[in-house]
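Colleague: Below you will find the structure I want to go over with you.
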Amino acid sequence: MLAPQRPLQSQLKHTDLFRPISSSLKDSILEPYKQECVYIKEAFRDVTQDKSLVTIAEVCVPVTFYGSETGHFNAVESLLCLNQLAFLAIAELIVDDEPHELRKSIRTTSIHVFKEHVLTRTFITSVRMQYRRTLDGKNTFMRLAFTAARKRAGVIFLASEFAFIDGSSTFEARPAFMGDATFAMPDI
2 MLAPQRPLQS QLKHTDLFRP ISSSLKDSIL EPYKQECVYI KEAFRDVTQD
52 KSLVTIAEVC VPVTFYGSET GHFNAVESLL CLNQLAFLAI AELIVDDEPH
102 ELRKSIRTTS IHVFKEHVLT RTFITSVRMQ YRRTLDGKNT FMRLAFTAAR
152 KRAGVIFLAS EFAFIDGSST FEARPAFMGD ATFAMPDI
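Here you go:
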């Protein structure tokens, strides 16, 4: 299971280990979501990784969109964050010209094709979460690592691991919750 490994907030912005995912790409990819349900504030790609595709995001859930405020970050919000960061990570990989092991599995080289034909048909096929403690949804970081890809019957299955941690902690701290998920996307 994935445990976060890197420092947070200012260290993400002031290091050569992480590259910001542009706000224009974020806005474009997350455009289908209702504005109040876009939970990714900023996202960064860990450029030290060439086998796993690792991204880190600052997330904020100002209000629960489906009902009364629960007072803590829960499974519904975490799945939306997971989906949003996965889409951003894959989109950033598509627009990035640098070689990466995972890039060999994804054929499309066009962000427009990704948005039109892949984004709308990509979904989580399985997810497993392990909760350790509650988390403040207004100040949270998450780490997502795509660790493997396999193809079958015109579908790419992407295995991933993720972790959520309090925004005031460091990535060396134990995550509030973590898990793994498999994404399926068309092989276009």
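Residues 2 to 189, numbered by the numbering used here, are exactly what the sequence shown covers, in order.
The beta carbon of each residue, even a glycine, is placed where N, CA and C say it ideally should be.
#1: According to DSSP, simplified to helix, strand and coil, what is lysine 1?
#2: Run through DSSP, which three-state label would aspartate 137 get?
#3: Find the nearest neighbour of isoleucine 166 within the set Asn75, Lys27 and Glu32, judged by alpha-carbon distance.
#4: Alanine 154 lies in the alpha helix (DSSP H); which residues open and close that run?
#5: Skipping 5 residues on each side, what residues in its chain have a beta carbon closer than 6 angstroms to that of isoleucine 57?
#6: Could you give the C-beta distance for glutamate 93 and isoleucine 41, rounded to a whole number, given that I count them as a contact under 8 angstroms?
#7: Just to confirm my understanding: we take proline 187, look at its own chain, exclude 5 residues before and 5 after, and list those with CB closer than 8 angstroms. What are they?
#8: Give me the Cα-Cα distance between glutamate 99 and leucine 136, rounded to the nearest whole angstrom.
#9: Does aspartate 17 come out as helix, strand or coil in the three-state DSSP assignment?
#10: Please state if the CB of phenylalanine 88 and the CB of valine 1 are separated by a distance shorter than 8 angstroms.
Modeller: Based on what the coordinates show:
#1: Outside the shown range of the chain (2 to 189) lies residue 1, about which nothing can therefore be said.
#2: coil
#3: Asn75
#4: Here alanine 154 belongs to no alpha helix (DSSP H), and DSSP marks it neither H nor E.
#5: Phe45 and Arg144
#6: The pair is not a contact, with the Cβ atoms about 12 angstroms apart (cut-off 8 angstroms).
#7: His118, Val119, Arg122, Thr123, Gly155, Val156 and Ile157
#8: 35 angstroms
#9: Collapsing the DSSP output to three states places aspartate 17 in coil.
#10: No answer is possible for residue 1: the residues shown for the chain start at 2 and end at 189.
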